[in-house]
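Protein chains in written order, with the numbering used here: chain A, 753 to 1057; chain B, 92 to 361. Have a look at the structure below before the remarks.
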Amino acid sequence: MKNSVIEVKDFRKTYGNYVAVDGISFDVKQGEIFGLLGPNGAGKTSTLECLEGLRTPNGGSLRVVGLDPVSESRKLRNLIGVQLQSAGLPESITPDEAMRFFCAYHNVAPRFDLLERLGLAEKRSAQFYELSAGQQRRLVLALAVAHNPQVLFLDEPTAGLDVATRVELHGMMRELQAGGTTIILATHDMAEAEQMSDQVAILMKSKIVNIGTPMEITATGAGLTKISVRTQASSLSASGITFPAVSQHTSKDEYSIYFSSDIGPTVLAIIAHINAQGDTLIDLRVERPSLEDRFLEITNAGVDP
Amino acid sequence: MNAFIHHFTFEFRTGIRNKQLLLMNYLFPLGFYLMMGFIMAEINPLFRKDIIPAMVVFGILAATFLGIPDPLVNARENGVFRSYKINGIPSISILTIPALTTILHLMIVAVLITVTAPLFFDAPLPVNWLNYALIFVAMAFACAGLSVLIGVVSPSSRMTVLWSQLVFVPSMLLGGLMLPYSTLPDVARKFAQLLPATHAMNAFNGLAMGKVATFSPWGSVIMLFVSGVLAFGLAVYLFSWDSRNTTRRGHPLLALLVLLPYIVGIFLLA
Chain A
753 MKNSVIEVKD
763 FRKTYGNYVA
773 VDGISFDVKQ
783 GEIFGLLGPN
793 GAGKTSTLEC
803 LEGLRTPNGG
813 SLRVVGLDPV
823 SESRKLRNLI
833 GVQLQSAGLP
843 ESITPDEAMR
853 FFCAYHNVAP
863 RFDLLERLGL
873 AEKRSAQFYE
883 LSAGQQRRLV
893 LALAVAHNPQ
903 VLFLDEPTAG
913 LDVATRVELH
923 GMMRELQAGG
933 TTIILATHDM
943 AEAEQMSDQV
953 AILMKSKIVN
963 IGTPMEITAT
973 GAGLTKISVR
983 TQASSLSASG
993 ITFPAVSQHT
1003 SKDEYSIYFS
1013 SDIGPTVLAI
1023 IAHINAQGDT
1033 LIDLRVERPS
1043 LEDRFLEITN
1053 AGVDP
Chain B
92 MNAFIHHFTF
102 EFRTGIRNKQ
112 LLLMNYLFPL
122 GFYLMMGFIM
132 AEINPLFRKD
142 IIPAMVVFGI
152 LAATFLGIPD
162 PLVNARENGV
172 FRSYKINGIP
182 SISILTIPAL
192 TTILHLMIVA
202 VLITVTAPLF
212 FDAPLPVNWL
222 NYALIFVAMA
232 FACAGLSVLI
242 GVVSPSSRMT
252 VLWSQLVFVP
262 SMLLGGLMLP
272 YSTLPDVARK
282 FAQLLPATHA
292 MNAFNGLAMG
302 KVATFSPWGS
312 VIMLFVSGVL
322 AFGLAVYLFS
332 WDSRNTTRRG
342 HPLLALLVLL
352 PYIVGIFLLA
């Protein structure tokens, strides 16, 4: 059984009278990608910043690689990598200089290969302010992983990145994970969180409202499966047709869409109806609820599930 | 050591690459020096005797007070210090390395002024080169410390301008650069003794240029070093990694303690 690399117990963070995080607890095992999701102001950044040692918690305990991020922050520096949401580099620094500079403080050899891999080969001598927003984020990412950290904190890592770089980043995350790096991923991109994360915690109004694997989280919702059907003669568009276990029905782009609590009987009944009408089935898709659907369900409800 | 070298190299290059710093480190001091040499030396021939120390002191004032605080505030506000903290860069490096690189730029400017002033303006050279270098280092150290402290305690770029000008403008008027200290009225003399420029000019006159100091020149040198140490110490103590993190070890007004050696000096140096 893998060790817990991050342990959060009854963690609380306040700013004056405002409670940003209210007694949350979770563990992250070595080599896991842990998604931290939540609407703006839910407490994600406060949690990350306390784990990174940038802020001091007001209650509970935090351990990262067995260290207290506040009192043992110096020891922690070489063990964690952080990609902050805002770039945070001097305007006049070049990617080459930044790589030498940061690697020197981590006491490792500069990793210029990362600059090439993240598409910055042509910009190695350009000053930071001359880089596009996406290039700046890629540089910060390269710096965050250059010293091979045991734990990597990524705050909105793919915001502003093109598709190719995004794919490259995901590949890099998988490689780091395979090498034993634990990754904490704070993101608004649900598809990314669902695709990449082993565990996900959804923060809402300063508390964790759901935690588990993406599959577990989607399974705890209303459990309705989406069935989209398109036929040649549109025999399903007539009003008054009902199918077993369907609780909602809608139409979009020549598709009839059904939300079913039991897909077996529903699909069989739909096919039987099409055959009975002498119509021809063109397309039938069955989709389980996505993490995004579940996230919206939770955040729209605004209360514990 | 490797980290220090990379950090120092980057900051030194920034002093030339960044247009604002290039202006404050080189263009403004050297441009002002040439202008003063060609105009002031014609109007007042006695100024030739003071042109080397006065323009070196001016260069130090411009590069430190107008060049150091603003980039520090901008770096803090733009999250650069947060990024530094995460990567284990200590606050002492963040504060001292820009000061050291500025002093290195100033050495180049001082050499240019010292070499060209006798050729262009018939200015006398220092009579004691060792003391000349020592006073330069003491003045640059004191002003760099004060400038770093201003950068640390200022909440915004606008405030750095205010605090910097509070030192820069009186230094130009009362520091002995344009008018000899001895010609100032009594009240202005007392006030002038709160300024590093006054002590630097006094020490240059008494220890390096073969002129007479108005008050203890070695006292002025000690004053500059002590205030520099105090300023850097206060800057490290009051340093905050980012403006959102409100936990600072002391109130910014503690920075005023940096004036203490100068206040004591008013009574001790006569």
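Glycine is no exception: its CB is placed at the ideal position from the N, C-alpha and C atoms.
Any idea what DSSP makes of residue i, helix, strand or coil?
i	result
Leu347(B)	helix
Thr1018(A)	helix
Val757(A)	strand
Asp1056(A)	Its pLDDT being 45, under 50, Asp1056(A) is placed unreliably by the model, and the measurement read from it follows with that caveat. Coil at Asp1056(A), not helix or strand.
Val244(B)	helix
Gly833(A)	strand
Ala895(A)	With the sequence shown as reference, residue 895(A) is identified as Leu, and Ala is not the correct amino acid for it. Leu895(A): helix per DSSP, three-state reduction.
Gln951(A)	strand
Met956(A)	strand
Ala288(B)	helix
Thr766(A)	strand
Asp820(A)	coil
Thr934(A)	strand
Val147(B)	helix
Phe123(B)	helix
His98(B)	helix
Val998(A)	strand
Within this structure, are the beta carbons of residue i and residue j separated by less than 8 angstroms?
i	j	result
Val822(A)	Gly805(A)	yes
Leu789(A)	Val892(A)	no
Ala772(A)	Ser756(A)	no
Gln887(A)	Leu904(A)	no
Leu895(A)	Ala850(A)	yes
Gly266(B)	Val148(B)	yes
Ser318(B)	Ala233(B)	yes
Leu329(B)	Pro352(B)	no
Ala190(B)	Ala153(B)	no
Ile226(B)	Ala294(B)	yes
Leu803(A)	Ile758(A)	yes
Asp848(A)	Arg876(A)	yes
Leu186(B)	Ala299(B)	no
Lys959(A)	Asp774(A)	yes
Gly106(B)	His858(A)	no
Leu955(A)	Ile785(A)	no
Phe854(A)	Ala885(A)	no
Ser245(B)	Leu157(B)	no
Using a cut-off of 8 angstroms between C-beta atoms, extract the partners of residue i located in chain B.
i	result
Gln856(A)	The amino acid occupying residue 856(A) in the given sequence is Ala; Gln does not appear at that position. In chain order: Asn93, Ala94, Ile96, His97, His98.
Arg826(A)	Gly179
Arg829(A)	Ile177, Asn178, Gly179
Closest to residue i by C-alpha separation, out of the options, would be which residue?
i	options	result
Ile188(B)	Glu102(B), Gly356(B), Ala291(B)	Glu102(B)
Gln835(A)	His922(A), Pro909(A), Met924(A), His1025(A)	Pro909(A)
Leu819(A)	Ile1022(A), Arg829(A), Asn810(A)	Arg829(A)
Val171(B)	Asp333(B), Leu186(B), Leu348(B)	Asp333(B)
Ser987(A)	Lys959(A), Thr917(A), Gly775(A), Leu1033(A)	Leu1033(A)
Leu359(B)	Gly324(B), Leu285(B), Ser331(B), Lys302(B)	Leu285(B)
Phe316(B)	Ser262(B), Ile180(B), Val228(B), Met300(B)	Val228(B)
Ala231(B)	Thr251(B), Phe156(B), Leu298(B), Ile151(B)	Ile151(B)
His196(B)	Val320(B), Leu121(B), Leu345(B)	Leu121(B)
Arg249(B)	Lys281(B), Lys302(B), Asp161(B)	Asp161(B)
Glu824(A)	Arg926(A), Thr808(A), Leu955(A)	Thr808(A)
Thr994(A)	Asp1005(A), Ile1009(A), Lys1004(A)	Ile1009(A)
Gln782(A)	Pro791(A), Ser813(A), Gly811(A), Ile832(A)	Ile832(A)
Ile1026(A)	Asp762(A), Asp865(A), Arg982(A)	Arg982(A)
Leu280(B)	Met146(B), Ala132(B), Ile354(B)	A small fix is needed here, since residue 280(B) is Arg in this sequence, not Leu. Here the closest residue by C-alpha is Ile354(B).
By the criterion of Cβ-Cβ separation under 7 angstroms, what are the contact partners of residue i in chain B?
i	result
Gly1058(A)	Lying before the first or after the last residue shown, residue 1058(A) is absent from chain A, which here runs from 753 to 1057.
Glu804(A)	Ile177
Phe853(A)	His97, His98, Phe101
State the beta-bridge partners of residue i as determined by DSSP.
i	result
Ser1008(A)	Val981(A), Ser1003(A)
Arg1037(A)	Ser980(A)
Arg815(A)	Glu759(A)
Val773(A)	Lys765(A)
Gly1059(A)	For residue 1059(A) there is no data in the structure shown, the boundaries of chain A being 753 and 1057.
Lys781(A)	Ser756(A)
Phe786(A)	Ile936(A), Gln951(A)
Phe905(A)	Val834(A), Ile936(A)
In chain D, which residues lie less than 7 angstroms from residue i when you measure between Cβ atoms?
i	result
Ile845(A)	No chain D is present in this structure, whose protein chains are A and B.
Name, please, each residue of chain A whose Cβ falls closer than 8 angstroms to the Cβ of residue i.
i	result
Arg108(B)	Ser844, Gln879
Asn116(B)	Within 8 angstroms Cβ-Cβ: nothing; Asn116(B) doesn't reach chain A, min ~14 angstroms.
Ala166(B)	Pro842
Kindly examine the ligand MN and report whether one of its heavy atoms sits closer than 7 angstroms to the Cβ of residue i.
i	result
Ile226(B)	The ligand MN is absent from the structure shown, which contains no ligands of any kind.
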